[in-house]
Amino acid sequence: MRDLKNEPWKESLKHLAMHRCREMWMPQKMNPTGSHLSRTRQVCGRPAALNRNVGGEDSIEGEWPWQASVRKMGKHICGGALITHEWVVTAAHCFRPDDDPYQYTVMLGANKLENSQPQKQSIGVGNIIRNPRYAGEATSGDIALVRLIRPVRFTNYIIPICVPTANVEFPPGMKCWVTGWGDISEGQDLPSPKKLQKLQVPIIDTQTCRRLYNIDMGQSLPRKQIQNDMMCAGYAEGMKDTCKGDSGGPLMCKINREWLLAGIVSWGEGCAERNRPGVYIRLTSYQDWIGRIIPDLQFVDARKSNNKIKNQGLSGADGRETSFFLIALLSMLVWTLNNVLALA
């Protein structure tokens with residue numbers, strides 16, 4: 001009689017089952033270039049680099065890994081935010097209706113625009129979709145979706161930001177962040193090597209923002225209005241604000257350990273002027289529109305930690321339910337195998 005307990009195939013089978021169980025549950029490590037090869041779902045809004053709590057200063061590499069540079073004929077014109085492996089959201093005013101998408105590229109993973117960095121990925125643009133409500137400067141609908149010609153490779157330096165569900169609120173006074181490569185003051189370019197800048201700004205309620213913009217209006221026409229799909233952030237005294245070149249960039253707020261895209265840099269009057277805070281397009285106003293164009297995008301309900309909601313209702317699209325089932329099945333197989341061998 002053979003001693004099944006000492007058979008080499010028994011240990012091999014057991015180890016294989018346990019290895020497969022671990023492989024499905026544990027995310028794989030980054031390779032030396034930073035590429036993430038895990039089969040588990042990609043977590044949005046969680047950079048590998050820690051965010052430093054200072055404002056108006058340089059960002060560190062990997063701190064804002066969804067930050068995009070929208071470029072026309074190789075020149076930076078606007079910011080943007082990566083929201084999936086092939087879609088970037090930015091401002092509609094960055095493009096003209098007759099623009100050829102193939103004139104544009106999107107640079108991701110960049111911290112310095114002018115220096116060579118191995119983590120940068122530059123990808124061509126296949127399609128530009130401007131919101132149909134947009135009718136010109138300071139109007140509603142200043143949002144556009146840019147589709148890349150190929151999916152981006154996620155790394156430590158490139159991951160998407162979370163997109164909130166329509167019911168997520170960013171209350172007045174909440175401290176959020178805006179990033180970009182825009183001018184450091186009106187008419188003054190960001191100096192070489194053009195390192196990504198970040199600024200902490202508080203959310204301003206809409207009524208207060210409207211009152212601020214009514215101060216010292218003079219006879220300027222057309223009169224700009226803060227519409228319902230807009231939100232304001234910044235300081236009544238000025239001094240800190242976005243500027244030319246920051247358009248389309250992300251206004252980001254952190255909830256439940258995840259960074260959510262609250263707004264898109266849209267317009268303002270001057271740069272850091274008194275009583276003229278920055279005006280952003282409110283992302284939650286466009287969940288339906290974004291969802292129709294990107295049906296697989298998972299929106300984040302920030303009221304519940306890590307609760308992902310897909311456009312077509314709750315589902316196992318992120319693979320967690322499937323993984324849990326297979327893990328339980330493999331665990332049962334290992335347990336059964338051990339008991340069978342113990343009786344042999």
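Residue numbers (the UniProt record's numbering): 1 to 344.
Yeah, the Cβ is synthetic: ideal placement off N, Cα and C, and Gly gets one too.
This one's a predicted model, so the numbers in the text were calculated from it and none came from an experiment.
Burial state of residue i, where buried means 16 or more other Cβ atoms lie within 10 Å
i           : result
N111        : buried
C225        : At residue 225 the sequence reads Gln, which differs from the Cys that was named. Exposed.
P164        : buried
S116        : exposed
P250        : buried
M252        : buried
Y102        : exposed
N131        : buried
G278        : buried
M217        : exposed
Q287        : buried
P160        : buried
residue 349 : Beyond the ends of the chain as shown, which are 1 and 344, falls residue 349; an answer cannot be given.
V106        : buried
R276        : buried
R282        : buried
Collapsed DSSP secondary structure at residue i in the structure displayed
i           : result
residue 346 : For the chain, the structure presents residues 1 to 344; residue 346 sits outside this window and is missing.
G79         : strand
P202        : strand
R130        : strand
R96         : coil
Q298        : strand
Q121        : strand
R292        : helix
P172        : coil
P101        : helix
C162        : strand
G45         : coil
R150        : coil
K195        : strand
W87         : strand
W177        : strand
L189        : The question names Leu, but residue 189 is Asp in the sequence shown. Coil, per DSSP.
D58         : strand
N115        : coil
A144        : strand
T155        : strand
Neighbourhood of residue i by C-beta distance below 6 angstroms, restricted to the same chain and skipping five residues each side
i    : result
Y134 : A92, G141, D142
P171 : none
P193 : K112, E114, N115
D58  : K195
K72  : Q103, Y104
I83  : V89, P160, V163
A48  : G62, N156
Own chain partners of residue i with C-beta closer than 7 angstroms, once the 5 adjacent residues on each side are dropped
i    : result
E137 : H93, W267
E248 : Checking the displayed sequence, the identity of residue 248 turns out to be Gly instead of Glu. If we look at G248 and ignore the five residues flanking it on each side, its Cβ neighbours are V70, C78, G79, G80, T90, A91, C94, I264, V265.
I293 : I129, L145
Proximal residues to residue i (C-beta, below 8 angstroms), its chain only, five neighbours per side dropped
i    : result
V168 : I255, L260, T284, V300, D301, A302, R303
G173 : P202, I203
T206 : I226, N228, M230, M231, C232
G109 : P65, Q117, Q119, K120, Q121, T155, Y157, I158
R274 : A236, E237, G238
R46  : I159, R257, E258, W259
T139 : R133, Q227
Neighbour flag for residue i against chain C, beta carbons, 8 angstroms
i    : result
G180 : The displayed structure is made up of one protein chain only, and chain C is not part of it.
- Item | Whole runs of the alpha helix (DSSP H) within the stretch 206–288, excluding any shorter than 4 residues | 206–214
- Query: Quick check: the stretch 207–215 against the stretch 73–81, are there 3 or more CB pairs under 8 angstroms?
  - Reply: no
- Message: So, does the stretch 148–155 touch the stretch 120–128, judging by three or more C-beta pairs under 8 angstroms?
- Response: yes
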